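Trainee:
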Amino acid sequence: MKNLKKYIKYGLAVVLVTGCDTKQLHDLNINPQALNEVDLNFIFTSTELAIASNGTTGDNRYIDWRTNIGMFAYAIQQLANSGGGIAPGDKYQSNAETNAAPFEFTYNDQLKNVAEILKQSGPGGFAEGKYKNMREAARIIRVFSFARLTDMYGNIPYSEANKGIEGIFFPKYDTQDVIYADLLKELDEATAALSTSNPDEGFKSADFIYNGDITKWKKWGYSLMLRLALRISNVDAAKAATYVTKAAAGGVFKSNADNVWVKMSDGPNEWTNQNGISRAFDPGDGGQPTYLSATLINFLKGTNQGVATDDDPRLMIISGGINGTIVDPVKQKGMPNGYDQAMLDKLEGKQVDVAKTYSRINSKMLQDSDPYMIMNYGEVELLLAEAIERKIGSGIAGTAKSHYEAGVKASMQMYTPFDATLTVADAAVTKYLTTYPYGVTKPALEMIGEQMWVNKFFNWWEAWSDWRRTGYPKLTPTNYPGNVTGGTIPVRLRYPTNEVAGNPNYQTGATLPDDFTTKVWWDK
């Protein structure tokens, strides 16, 4: 650089530049200490870890503890809690962290990583035209994350989200119908674009869900499409039918080998890579109690309560017994929802020791290194049964009954990744299906809805969404004194207070009134 003169005046460094060429001027804007390119393989691996409901930059139990468990597991009556604030879903109370956790962590972790992958592999990015399969897989993850967010809150920032680097600091809100239309379009495009002919470019090693298996990624894309299509089926039957048909033609999950599991581990330390659900239930860490709801236990014990002959084989997979010692299926007992300690004492007619009275989650599924389930084959088969039963879409081979039975079987036999002993024999499945024949014991759609509910144990946010859409199972709400819903089960989350106060677009674009009783668009 020529004729560079430096002057120091009043403590300020003033740089006069003359005769510089364009390259030299450009180089002045480059920070020699900063990375100009990032490893997209690393970011993609971090993104996969983040979709297990957890942040990648801190406490990996946060969302599970506060929202997946604290609100939804209790609200849809698979767990129960005699305490208070850490379980707002049990007694329909409000908790600021429960409301904020999914909004803040999903945007700041999962979607931020996805946005970086799409930006750098897209037009103008340093990796433009590269990482093709990774890019399409990231689009599928983006759909998964945004669908979960909009299902919780309704209208959310979508088209302008995660664009702070472009100067958009207060993103506008998009309506849920617009969001769903784009999510389905994105799934259609991304899943079709995945190809074994694309260069690997590190995708196989970066992808620890499917190890770069393009066929399985396509199955997940079309399975997720099926889920989202059915979710809007009550409000946009035509669009639902279009995408059910596309999903069936594209090819959905065919066995439990296709299930989406996020692998976890015991380390490298207690704050990363560990199963957020397990950590949330750890007495020395998260502190959420593991008591199973009476609604769930009674369903699993069957119509002949106290008679083991018609128990659901999942009863003693999900339940670890009472006090770790009472493992007789007949003696399992769930805690009623909406009761505090005094109310339980009155109900039982004595002072209740909850640990010695009620069934708890099987500890074999609560290890820190247990994998985290995202989506499974059993759900897909039950969705196909529903689509046939309701005549939504076309091209689905088989009958509603055959898909229902395949869905029940898959749901019963999917727990071995937690522990090899959690097996269910084919004969036990056949016995159950014979005892409760499809469309005979109850109406077909009710049986499908109930099985979807049981299938989503641990995946309580999705169970909550299924229940809101189908109305099954038929849950009896609680009416704990001082609850904030008037004795009705919450049907959405409130927006975080920081978002309400900080984004001026909230007033004109959010789903209002911002209450737990305001339904989202598809919940009609």
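Numbers 9 to 532, taken from the numbering used here, label the letters of the sequence shown in order.
C-beta: ideal position from N, C-alpha, C; glycine also.
Predicted model only: the values in this text are computed from it and were never measured.
#1: Select from 298, 178, 126 the residue whose C-alpha is nearest the C-alpha of residue 85.
#2: Residue 381 to residue 269, Cα distance in whole Å?
#3: So, is residue 414 buried or exposed, given that buried needs 16 or more other C-beta atoms within 10 angstroms?
#4: Can you say whether residue 507 is buried or exposed, counting buried as having 16 or more other CB atoms within 10 angstroms of its CB?
#5: Rounded to the nearest angstrom, what separates residue 81 and residue 168 at their Cα positions?
#6: When we look at the beta-carbon of residue 456 and count the other beta-carbons within 10 Å, is it buried (16 or more) or exposed?
#7: What do you reckon, are the CB atoms on residue 202 and residue 151 nearer than 8 Å?
#8: Inspect the beta-carbon positions of residue 257 and residue 237 and report whether they are closer than 8 Å.
#9: Under the DSSP definition of a beta bridge, which residues are partnered with residue 334?
#10: Grouping DSSP H, G and I as helix and E and B as strand, with all else coil, what is residue 434?
#11: If I measure Cβ to Cβ from residue 364 and keep anything under 6 Å in the same chain, skipping five residues before and after, which residues do I get?
#12: Can you tell me the Cα-Cα spacing of residue 312 and residue 527, whole angstroms?
#13: Indicate whether residue 416 and residue 437 have their beta-carbon atoms separated by less than 8 Å.
#14: Taking 8 Å as the cut-off, decide whether the C-beta atoms of residue 321 and residue 412 are in contact.
#15: Taking DSSP as the reference, what is the three-state secondary structure of residue 460?
#16: Decide if residue 395 is buried, meaning its Cβ has at least 16 other Cβ atoms within 10 Å, or exposed.
#17: By a C-beta neighbour count over all protein chains shown, 10 Å radius and 16 as the cutoff for buried, is residue 175 buried or exposed?
#18: Going straight from the alpha carbon of residue 38 to that of residue 46, what length do you get?
#19: Check each candidate in 429, 144, 149, 204 and name the one with the smallest Cα separation from residue 115.
#20: Under a three-way DSSP split, which group does residue 269 fall into?
#21: Rounded to whole angstroms, how far is the Cβ of residue 161 from the Cβ of residue 182, which I believe are closer than 8 Å?
#22: Hey, which unbroken runs of the alpha helix (DSSP H) at 4 residues or more fall wholly within the region 123-209?
#23: Among the residues of its own chain, which have a CB less than 8 Å from the CB of residue 342, if the five just before and after it don't count?
#24: Cutting at 6 Å between CB atoms, please list the residues of its own chain near residue 139, excluding the five before and the five after it.
#25: Within its chain, find whatever has a CB closer than 7 Å to the CB of residue 224; leave out the 5 residues flanking it on each side and keep chain order.
#26: Residues in its own chain within less than 8 Å of residue 464 by CB, not counting five upstream and five downstream?
#27: Can you give me the start and stop residues for the beta strand (DSSP E) that residue 383 sits inside?
#28: Which of the three DSSP states is assigned to residue 533 in this structure?
#29: Could you give the DSSP three-state label for residue 446: helix, strand or coil?
#30: I want to know whether the region 373-380 touches the region 399-411 - three or more CB-CB distances under 8 Å.
#31: Between residue 361 and residue 246, what straight-line distance do the alpha-carbon atoms span, to the nearest angstrom?
#32: Suppose you measure from the CA of residue 187 to the CA of residue 435; what does that come to, to the nearest Å?
#33: Apart from the five residues just before and just after residue 359, which ones in its own chain have a Cβ nearer than 8 Å to its Cβ?
#34: What distance in whole Å lies between the Cβ atoms of residue 123 and residue 170, which are believed to be in contact at a cut-off of 8 Å?
#35: Shorter than 7 Å, the distance from the beta carbon of residue 179 to the closest heavy atom of the ligand MG, or not?
#36: Give me the residue from 189, 127, 119 with the minimum Cα distance to residue 248.
Mentor: Reading it off the structure:
#1: 298
#2: 5 Å
#3: buried
#4: buried
#5: 32 Å
#6: buried
#7: no
#8: no
#9: 330
#10: helix
#11: 331
#12: 36 Å
#13: yes
#14: no
#15: helix
#16: buried
#17: exposed
#18: With a pLDDT of only 47 at residue 38, under the threshold of 50, the placement of this residue in the model should not be trusted; the figure read from the coordinates follows. Going by the C-alpha atoms only, they are around 15 Å apart.
#19: 149
#20: strand
#21: Actually they do not touch by this definition, with Cβ atoms about 12 Å apart.
#22: 140-161, 184-201
#23: 88, 299, 300, 301, 302, 303, 304, 305, 306, 366, 367
#24: 48, 129, 209
#25: 218, 266
#26: 387, 470, 471, 474
#27: 380-383
#28: Lying outside 9 to 532, the shown extent of the chain, residue 533 is not represented and no answer is given.
#29: coil
#30: no
#31: 53 Å
#32: 44 Å
#33: 353
#34: 4 Å
#35: In the structure on display, the ligand MG does not appear, and there are no ligands present to speak of.
#36: 189
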